[in-house]
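Engineer: This is the structure I have questions about; it appears just below.
Protein chains: 2
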Amino acid sequence: MSEPPVFDEGFARQFEELLRWRRDVRRFKRDAVPVELIEMLLAQTSLSPSVGHAQPWRWIPVAEPAQRAAVQESFGRCNADALASYEGERAALYARLKLEGLREAPVQFAVFCDHGTGRGHGLGRRTMPEMLDYSVVAAITQFWLSARIHGLGVGWVSILDPDEIAKTLETPPEWKLVAYLCVGWPEEEGDVPELVRAGWERG
Amino acid sequence: MSEPPVFDEGFARQFEELLRWRRDVRRFKRDAVPVELIEMLLAQTSLSPSVGHAQPWRWIPVAEPAQRAAVQESFGRCNADALASYEGERAALYARLKLEGLREAPVQFAVFCDHGTGRGHGLGRRTMPEMLDYSVVAAITQFWLSARIHGLGVGWVSILDPDEIAKTLETPPEWKLVAYLCVGWPEEEGDVPELVRAGWERG
């Protein structure tokens, strides 16, 4: 085992800047992202915490045009339903929001939690079985920060029907969709959440 | 809005070291942790991503001896049940694991998700309501990394009965327990998960 690293004040300050400038990105350039960079980021997910060391995350690239079209259709349906659930000014505001970059983001992943994994031997999830899903969320959070270090934006799309996504990607029945991620170079960078700038919620 | 920061290769390397040396810590020194450090870490959670910018995390300090005793009792019951669910060598191995630092960790939090919050106006959680809980997990993940930068270890205890914890802390019924965290100075540091070192799961 090597010597524990020491993180100085400069690193702590830069880390806080990273937290501040990580954003949910919905406006992407269409420029390609180097395959090696994505591979490095995916390899790094093995360093994420997971209950029982189960590592239940399954990152499925979504690249085929037919698959992407199906995801966009699912978003369209779910977003229309969501819009219909608001009234008056809130509905008008919702209609103006840009909530995803599904057409532009060059790299996209559906991230699942494998509830069929034997890894971890059930440790730590007898009374709180949701811990397995939470392990996938932790991996996504770390991926998000790592991506931003390298200038990549990540947008987490949840306005989707998980069953439709699973059917489109033909995933095993014991896999649960945790997130759909758009990844690419952001059109603009900011340290204020887009929903705050758009007036949806205060900062 | 200020200029976007640029993170260089040195920072990226140090960040990977941070991921590698963030561990689930169960062995703590009893030394106190400065209140200001904990306050800074909690303030930083406002930079975490959350669905609809709902910020649904509620960090409840658990410091009173009676509360801590109740948490330890809940762990004792749940852990005995868990042990009884294993057989043979796996049971013997489970019995030898140290899974929490509830008696030693100087700082402890129960972290809840407030399902009663009006913030976010439901955005992004119509088809995936679990997004609200996931927002709390993201905040905990970032807290965990920030704590490690400052030398603090965090241990996530899930072998608990969420209803017992909520009753002990008298939290509102619409709050859901997401995590119980032990925080303090680690007795030892490592870059290999304790469950791997103990032979529970391979690396």
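Those protein sequences? They're chains A and B, same order as listed. Under this note's numbering, the first residue of the first sequence is numbered 1, with each subsequent residue one higher. Under this note's numbering, the first residue of the second sequence is numbered 1, with each subsequent residue one higher. Think of the CB as a built atom: it goes at the ideal place given N, C-alpha and C, for glycine as much as any other residue. Quick caveat: nothing in here was measured; it's all calculated off a predicted structure.
Using 8 Å for Cβ pairs, my map puts D24(A) next to S2(B). What's the rounded Cβ distance?
Structural biologist: Rounded, the Cβ-Cβ distance is 19 Å, inconsistent with contact.
Engineer: Give, in chain order, every unbroken run of the beta strand (DSSP E) that is at least 3 residues long and sits entirely within the segment 75-151 of chain B.
Structural biologist: With a minimum length of 3 residues, the continuous beta strand (DSSP E) runs that stay inside the segment 75-151 of chain B are 107-114.
Engineer: Whose C-alpha, out of E174(A), L19(A), K176(A) and V33(A), is nearest the C-alpha of L41(B)?
Structural biologist: Comparing Cα-Cα distances from L41(B) to each of E174(A), L19(A), K176(A) and V33(A), the minimum goes to L19(A).
Engineer: Can you pull the chain A residues whose beta carbon is under 7 Å from the beta carbon of A95(B), in chain order?
Structural biologist: Result: empty, since nearest Cβ-Cβ is about 12 Å, beyond 7 Å.
Engineer: Looking only at its own chain, which residues have a Cβ that is under 7 Å from the Cβ of R148(A), when we skip the five neighbours before and after it?
Structural biologist: L18, W21 and R22
Engineer: For a contact defined as C-beta to C-beta under 7 Å, what are the partners of T141(B) on chain A?
Structural biologist: Contact note: T141(B) reaches chain A through A138, T141 and Q142, using a C-beta cutoff of 7 Å and chain order.
Engineer: Is the CB of I149(A) under 8 Å away from at least one CB in chain B?
Structural biologist: At a cut-off of 8 Å, the C-beta of I149(A) has a neighbouring C-beta in chain B.
Engineer: Which bits of chain A does E16(B) rub up against, with CB to CB less than 7 Å?
Structural biologist: Q44
Engineer: Touching or not, the segment 25-38 of chain A and the segment 145-165 of chain B, by the rule of three or more beta carbon pairs under 8 Å?
Structural biologist: no
Engineer: Kindly indicate if chain B contains any beta-carbon less than 8 Å away from that of G124(A).
Structural biologist: yes
Engineer: Closer than 8 Å, CB to CB, is I38(B) near chain A or not?
Structural biologist: no
Engineer: Keeping to the same chain, check which residues put their C-beta closer than 7 Å to that of L93(B); ignore five residues upstream and five downstream.
Structural biologist: G199 and W200
Engineer: Under 8 Å between C-beta atoms, does C182(B) make it to chain A?
Structural biologist: The beta carbon of C182(B) does not come within 8 Å of any beta carbon belonging to chain A, so the residue lies off that interface.
Engineer: Find the nearest neighbour of L97(B) within the set G184(A), L123(A) and G116(A), judged by alpha-carbon distance.
Structural biologist: L123(A)
Engineer: Quick check on DSSP: helix, strand or coil for I60(A)?
Structural biologist: strand
Engineer: Going by the beta-carbon positions, is the gap between S146(A) and S50(A) smaller than 8 Å?
Structural biologist: no
Engineer: Return the residue from the list A139(A), G116(A) and R77(A) that minimises the CA-CA distance to P129(A).
Structural biologist: G116(A)
Engineer: When you compare the CB of T127(A) with every CB in chain B, is at least one pair closer than 8 Å?
Structural biologist: Output row for T127(A): interface = yes.
Engineer: So which residues of chain B does L195(A) contact, with C-beta pairs closer than 9 Å?
Structural biologist: Simply G52, H53, G120 and L123.
Engineer: Quick one: give me the first and last residue of the beta strand (DSSP E) that W156(B) is part of.
Structural biologist: It spans G153 to V157 - the beta strand (DSSP E) in which W156(B) sits, taken as one unbroken run.
Engineer: So what's G184(A) in DSSP terms, helix, strand or just coil?
Structural biologist: strand
Engineer: Can a CB atom of chain B be found closer than 8 Å to the CB of P34(A)?
Structural biologist: By this cut-off, P34(A) is not an interface position.
Engineer: Could you confirm whether any beta carbon from chain A is found closer than 8 Å to the beta carbon of R90(B)?
Structural biologist: yes
Engineer: List the residues of chain B whose Cβ lies closer than 9 Å to the Cβ of R20(A), in chain order.
Structural biologist: P5 and L47
Engineer: Identify the residues that DSSP records as bridge partners of A179(A): which are they?
Structural biologist: V111(A)
Engineer: For Q67(B), which residues from the same chain have a beta carbon less than 8 Å from its beta carbon, with the 5 sequence-adjacent residues on both sides left out?
Structural biologist: For Q67(B), where only same-chain residues beyond five positions count, the Cβ hits under 8 Å are T168 and L169.
Engineer: Return helix, strand or coil for F15(B), following the three-state DSSP convention.
Structural biologist: helix
Engineer: According to DSSP, is D161(A) part of a helix, a strand, or is it coil?
Structural biologist: coil
Engineer: Give a yes or no on whether the C-beta atoms belonging to G184(B) and G153(B) are separated by under 8 Å.
Structural biologist: yes
Engineer: Any C-beta of chain A sitting closer than 8 Å to the C-beta of E201(B)?
Structural biologist: yes
Engineer: Tell me which residues share the same chain as R30(A) and place their Cβ nearer than 7 Å to its Cβ, disregarding the 5 neighbours each side in the sequence.
Structural biologist: E104 and P106
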